[in-house]
Amino acid sequence: MAAFVEFDGVHKSFGANHVLRGLDLQVAEHDVVCLIGPSGCGKSTLLRCVNGLEPIQAGEIRISSERVSGRGVDVNWLRCNVGIVFQSFNLFPHMTVLRNITLSPRKVLGQSRAVAEDRAMTLLTRIGLADKAREYPDRLSGGQQQRAAIARALAMGPQVLLLDEITSALDPELVAEVLAIVRELAAEGMTMLLATHEMGFAREVASKVCLIDEGKVAEHGPPEQLFADPQNPRTRAFLRSIIAAGRL
Amino acid sequence: MTGAPTDLLSVAGSSRPARRFRSPLPLAILAALAGVVVAALLAESVRVFDRSLHVTGTGLAVSRVAELAVVVAGLAVPYCGIRAVLDARRAGALARQGHLADARVVAEDSRQWGWYVLGLSLTGLTLAFLFGFFGAQDGKVRTVLFNWHYPGGHIADLAGGFWINVKLFMVTEVIVLAWALLVAVVRLIPGRAGAPMRWLAVAYVDIFRGIPALLVLYIVVFGFPLAQVPLLSSLSRERQQFWLAVLALTLTYGAYVAEVYRSGLESIHWSQTAAARSLGLSHPQTLRYVVIPQAVRRIIPPLLNDFIGLQKDTALVSIVGVLDIVNRATILKGQDFNLSYMSGAALAFLAITVPLTRFTDYLVRRDAARMRAGGS
Ligand SMILES: Nc1ncnc2c1ncn2[C@@H]1O[C@H](COP(=O)(O)OP(=O)(O)O)[C@@H](O)[C@H]1O
Ligand SMILES: [Mg+2]
């Protein structure tokens, strides 16, 4: 299968902090790739490089064989095709849920208000938030806010969805409702790249799990293999620490 | 780790200071004495004030009743002091009988009375000062500074002047709101190409925050016509003066308010920008729809503060010849040798600035309450 999202020797540093050190990774269309690894290993950074929130210093990132890193890239166009959802939701607090979702389709894609709201309501209905459309984000639970944030990303009709630890800020009982949506998206064939600490979930939905270590993909493979029979000592150490924390 | 000497709780330790009873009596006696002194001072200053009143009939009766009420109310201070002493002695007795817990409760009451003495004393001393101030020298302060008969006789003239202050304030405020936002946004233009514009904005803010408003007014309102700067020169002299004053105040206050805007824009967490940019919104769109609306909400209190300052500083235009309320009051003062005109002008400003101040405080408190409630 041809790679849909490709990382080719990607280097990224913050000053002297060399975070990504020649990272290679291929994501096929309809793949769900889970990035795991210790805190600070660069999972968020990697995702933020894909949609141009962080510039990279060397190497290349391609989507559908088109270069999306470096100079001469129309980042606003790129971001219409690459949706991202953050750990901290980042809904706009001064807008209702509906306006949060319709803002970008209207201002960037030029949809009329009626069309944008119609599509937003369809999305909200699907994720079970239709009755919250006119509420402000601070009236919603964390799980509802994160679902609204996913709807906001989906409203742009992205080809790839980046999910950065989207359940890490949630109370445990709210995690399931968010994961259910991701599961559904995976079943529908959405290409997704997700950083996560939910190993059980990674094992269930991922087509590929990658351990990031020292700025590279230290080991990757299908979840059943990587979790059951890790080859790399780094992977083993990481999985041991996860088990000690009671998360696997 | 069974019974190891280094287990966490034993390392944490458990040393606390011993509890004992401390008598509030010395402080209570001090409070009682202070109360007596304050009440005496207040009575004396009321007596001075009374002797400066040259009224008869009903006026005298009303004054006397009010004065008596103040003197009697002043007795509340020594009363609280005596209650403090009584409670302190009761607490001491309880402590000697070994009822330590009860003793502490009563001692607490005694201290509470002591605090009342402190609060009431400050109020009482302020009142005593005011009665003395307005009563001294046979009431000179009242006749020279606060004789409402003078400004009352020229009320239309003064009101016409104040209308100029209010117009200056309102026109300048609207222009400043837009102009300062522009400056603040220019200061945030990203990239190397934006650097010269950013410097320009920084230079403007530094310069005009650094020059006294009065000098800017002099230079613009006096200087421009003298130097034949072809600005607004087609207008009548009076209107040209007005608009040049607006320009001068806008230059000064634009710099202040630009800084207020900037602090507001910078207070919006970068994750909001990241989210907006991730949705494909451009930098200007992100500012327009996401950052500025949130920032403006946060800066309303400091913005109102600056506008209170602006409202007061419209008085400066009197120096450059605009016939505002201060200028007119100065002219009238010169005719009648009485400063009550100035007090009248002060009252006019208070009528606007005090409600604005109260409103600002209300907004600040409401925001603080909402923060505590965990909203945004
Ligand atoms: N904006 C930034 N500026 C400077 N350093 C950063 C920034 N973002 C991330 N880093 C650094 O990059 C490293 C990787 O961070 P991150 O990608 O957030 O890790 P992860 O998501 O895997 O926990 C960390 O050392 C972090 O301190
Ligand atoms: Mg992260």
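Chains as they are written, first to last, in the numbering used here: chain Y, 133 to 380; chain U, -16 to 359.
Glycine included, each C-beta is placed from N, C-alpha and C at the ideal position.
Limits of the unbroken alpha helix (DSSP H) element including residue i
i, result
"Y/E305", "P304 to A319"
"Y/T257", "R245 to R258"
"U/K316", "I308 to D319"
"U/E242", "R220 to S250"
"U/C63", "A59 to R79"
"Y/Q363", "It is not in any alpha helix (DSSP H) - Y/Q363 carries neither H nor E in the DSSP assignment."
"Y/E186", "No alpha helix (DSSP H) contains Y/E186, which DSSP labels as neither H nor E."
"Y/S236", "V229 to K239"
"U/Q412", "Lying outside -16 to 359, the shown extent of chain U, residue 412 of chain U is not represented and no answer is given."
"U/N148", "I138 to V169"
"Y/A377", "No alpha helix (DSSP H) contains Y/A377, which DSSP labels as neither H nor E."
"U/R3", "Counting along the chain, U/R3 falls outside any alpha helix (DSSP H), and DSSP gives it neither H nor E."
Alpha-carbon to alpha-carbon, residue j and residue i
i, j, result
"Y/H143", "Y/E305", "38 angstroms"
"Y/V229", "Y/V310", "16 angstroms"
"Y/A248", "U/R271", "19 angstroms"
"U/T(-15)", "Y/C166", "Reliability of the predicted coordinates at U/T(-15) is poor, the pLDDT of 49 falling under 50, and the value obtained from them is presented with this limitation in mind. Going from the Cα of U/T(-15) to the Cα of Y/C166 covers about 42 angstroms."
"U/V303", "U/C63", "55 angstroms"
"U/V54", "U/Q95", "23 angstroms"
"Y/G274", "Y/F221", "8 angstroms"
"U/A15", "U/R72", "13 angstroms"
"U/P195", "U/Y99", "44 angstroms"
"Y/A135", "U/P173", "35 angstroms"
"U/V124", "U/N130", "9 angstroms"
"Y/E297", "Y/S171", "11 angstroms"
"Y/A281", "Y/L302", "13 angstroms"
"Y/D361", "Y/Q189", "35 angstroms"
"U/L36", "U/I283", "47 angstroms"
"U/A257", "U/L113", "59 angstroms"
"U/G358", "Y/I168", "The predicted position of U/G358 is uncertain, since its pLDDT is 46 and thus under 50; a value taken from the coordinates is nonetheless stated next. The alpha-carbon atoms of U/G358 and Y/I168 are separated by roughly 33 angstroms."
"U/L232", "Y/L241", "43 angstroms"
"U/L287", "U/A298", "18 angstroms"
"U/V88", "U/R66", "15 angstroms"
"Y/F333", "U/F342", "53 angstroms"
"Y/G204", "Y/R211", "14 angstroms"
"Y/A312", "Y/L255", "15 angstroms"
"U/R3", "U/T109", "38 angstroms"
"Y/A338", "Y/P355", "7 angstroms"
"Y/L358", "Y/P237", "39 angstroms"
"U/R170", "U/S254", "20 angstroms"
"Y/L179", "U/I335", "54 angstroms"
"U/E379", "U/Q268", "Lying before the first or after the last residue shown, residue 379 of chain U is absent from chain U, which here runs from -16 to 359."
"Y/N183", "Y/G202", "11 angstroms"
"U/L183", "U/G247", "20 angstroms"
"Y/A287", "Y/V207", "18 angstroms"
The beta strand (DSSP E) enclosing residue i, as first and last residue numbers
i, result
"Y/E192", "A190 to I195"
"Y/C212", "Premise fails: Y/C212 lies in the alpha helix (DSSP H), V207 to N213, not in any beta strand (DSSP E)."
"Y/K340", "K340 to D345"
"Y/I168", "V164 to I168"
Residues bridged to residue i (per DSSP)
i, result
"Y/Q158", "Y/E138"
"Y/I216", "Y/L294"
"Y/T323", "Y/V292"
"Y/K144", "Y/L152"
"Y/E351", "Y/L343"
"Y/E198", "Y/I195"
Residues proximal to ligand 1 by C-beta, any heavy atom closer than 5 angstroms: Y/F146, Y/V151, Y/S171, Y/G172, Y/C173, Y/G174, Y/K175, Y/S176 and Y/T177
query: Can we say the region 199 to 209 of chain U touches the region 262 to 279 of chain U, given the rule of at least three CB pairs closer than 8 angstroms?
result: no
- request: Tell me, please, whether the region 179 to 197 of chain Y touches the region 292 to 304 of chain Y by the rule of three or more beta-carbon pairs shorter than 8 angstroms.
  value: yes
query: Is the region 152 to 168 of chain U touching the region 282 to 293 of chain U in the sense that three or more CB pairs, one from each, lie closer than 8 angstroms?
result: yes
- request: Please confirm if the region 318 to 328 of chain U is in contact with the region 220 to 227 of chain U, defined as three or more CB-CB distances below 8 angstroms between the two stretches.
  value: no
message: Does the region 137 to 149 of chain U come into contact with the region 298 to 312 of chain U, if we say contact requires no fewer than three beta-carbon pairs (one atom in each stretch) closer than 8 angstroms?
response: yes
query: Pairing CB atoms from the region 254 to 269 of chain U with CB atoms from the region 235 to 246 of chain U, are three or more of them under 8 angstroms?
result: no
message: When you compare the region 265 to 279 of chain Y with the region 229 to 242 of chain Y, are there three or more beta-carbon pairs, one atom per stretch, that lie closer than 8 angstroms?
response: yes
message: For the pair the region 365 to 380 of chain Y and the region 338 to 346 of chain Y, tell me if three or more CB-CB distances fall below 8 angstroms.
response: yes
message: When you compare the region 317 to 331 of chain Y with the region 145 to 164 of chain Y, are there three or more beta-carbon pairs, one atom per stretch, that lie closer than 8 angstroms?
response: yes
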